[in-house]
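The next block holds one structure in the form of structure tokens; read it before the comments.
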Amino acid sequence: MTPILILSGKGKTGRRVAAQLDARGVPYRLASRSSEPRFDWYDEDTWADTIRGTETAYLAPPVGPTGLAQACKFVQQADGLRRLVLLSGRGVGSPGRDFAVYDGQLELENVVRASELDWTIVQPAWFAQGFSEDFLRYHVLAGEIRLSAGTGGEAWIDTDDVGDVMTTALLDESYVGRTLAISGPRTLTMLEIADELTAATGRPISYVDLDPQAHVAELIAQGLAQEDADAIRDLFAVIRNHRSEYVSTGVDEVLGRPPRDFTAWARETAKTGVWAG
1 MTPILILSGK
11 GKTGRRVAAQ
21 LDARGVPYRL
31 ASRSSEPRFD
41 WYDEDTWADT
51 IRGTETAYLA
61 PPVGPTGLAQ
71 ACKFVQQADG
81 LRRLVLLSGR
91 GVGSPGRDFA
101 VYDGQLELEN
111 VVRASELDWT
121 IVQPAWFAQG
131 FSEDFLRYHV
141 LAGEIRLSAG
151 TGGEAWIDTD
161 DVGDVMTTAL
171 LDESYVGRTL
181 AISGPRTLTM
191 LEIADELTAA
201 TGRPISYVDL
211 DPQAHVAELI
221 AQGLAQEDAD
231 AIRDLFAVIR
241 NHRSEYVSTG
251 VDEVLGRPPR
261 DFTAWARETA
271 KTGVWAG
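So in the numbering used here the end of the sequence shown lands on 277, straight run, no missing numbers.
This is the structure:
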């Protein structure tokens, strides 16, 4: 077996796929700006050397319209690859759930499907680890989750479950040509998330429902560019408009077990001290 190439291997899912492959003794290679050979999504001259010597790749695309466009070009130029597993997003391309914020991801999915690669597309719900490994962690530490998600719910998924599904899809050819939607076992609103995190951390955490434009203004005041602030608002608009209030069964189907519940995840995560202070 040639090494499995993990693109964006330092990200939340890439790290977990690497750990799973390592545990199974499967060779892999992480691709990043600091790897050898060097890989840069925005430097196409680095792509051929990165692919050389591999047949299978896990692709977690860069964030934003420009990054997704580069990922499309990468797939179209991926000479030598035979197999590709793509990280996408739940709801991308689903009838009745289309949002403009998903247009770039849908284009990437379509490019992958139109390629000559043996592909699998995995569409996860929002990651629970957004509250411990991403910008939402600072909301938890501040005791206020300030977002424009309204009263909408999301079936938050433990990123460890995402990594397990991705690894299985990479190693099991029976998932070729399939799109797998995966989520946690139940939907939770932001108010319910705040209650869960209050119980897990032992200190009060509230949810403040911001008007979408007020949310953008706060993000810009924190130093984000207008484009990035608008993109975050548009992502939360999916939840705000109740387009994520459903459960997907992909974890059960692929792993033969239920996904981890948010309550269990929050309690275990609290023990690590990530929300201490």
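Cβ coordinates follow ideal geometry from the N, Cα and C atoms, glycine included.
ask   = For SER206, which beta-bridge partners are listed by DSSP?
value = According to DSSP, which records beta bridges pairwise, SER206 is partnered with GLU144.
key: Nearest-angstrom Cβ-Cβ length linking ILE239 and GLY143, presumed shorter than 8 Å   = Actually they do not touch by this definition, with Cβ atoms about 21 Å apart.
query = When the Cβ atoms of the stretch 164–171 are set against those of the stretch 15–31, are three or more pairs found closer than 8 Å?
reply = Result yes; three or more Cβ-Cβ pairs closer than 8 Å.
query = Counting pairs of Cβ atoms below 8 Å between the stretch 193–203 and the stretch 49–60, do you hit three or more?
reply = The stretch 193–203, when compared against the stretch 49–60, does not touch it at the 8 Å Cβ threshold.
query = When DSSP builds the beta bridges, which residues end up paired with ASP118?
reply = BP columns for ASP118 point to ARG83.
ask   = Can you give the beta carbon distance from ILE157 to ILE182, rounded, assuming they're within the 8 Å contact cut?
value = That belief holds up - the Cβ atoms of ILE157 and ILE182 are roughly 6 Å apart, short of 8 Å.
ask   = In chain order, what residues of the same chain lie with their CB nearer than 7 Å to the CB of PHE262, ignoring the 5 residues before and after it?
value = Within the same chain, and ignoring the five residues on either side of PHE262 in sequence, the residues whose Cβ sits closer than 7 Å to its Cβ are ALA128, TRP156, GLY184, LEU188, GLU196.
key: Where PHE236 falls: helix, strand or coil (DSSP)   = In this structure, PHE236 counts as helix in the three-state DSSP scheme.
query = Is it buried or exposed for TYR138, if we count other Cβ within 10 angstroms and need 16 for buried?
reply = Within 10 angstroms of the beta-carbon of TYR138 lie fewer than 16 other beta-carbons, which makes it exposed.
key: Cβ pair ILE4, THR46 closer than 8 Å   = Not closer than 8 Å, so no.
query = Taking ASP103 as the reference, which of VAL75, GLU116, ALA69, TRP126 has the closest Cα?
reply = Considering only alpha carbons, the answer is ALA69.
query = Distance, Cα to Cα, ARG260 vs THR198?
reply = If you draw a straight line from the Cα of ARG260 to the Cα of THR198, it is about 19 Å long.
inquiry  = Please identify the residue among LEU84, ARG24, VAL26 whose C-alpha is closest to the C-alpha of ARG278.
reply    = Because residue 278 is not part of the residues shown, which for the chain are 1 to 277, the question remains open.
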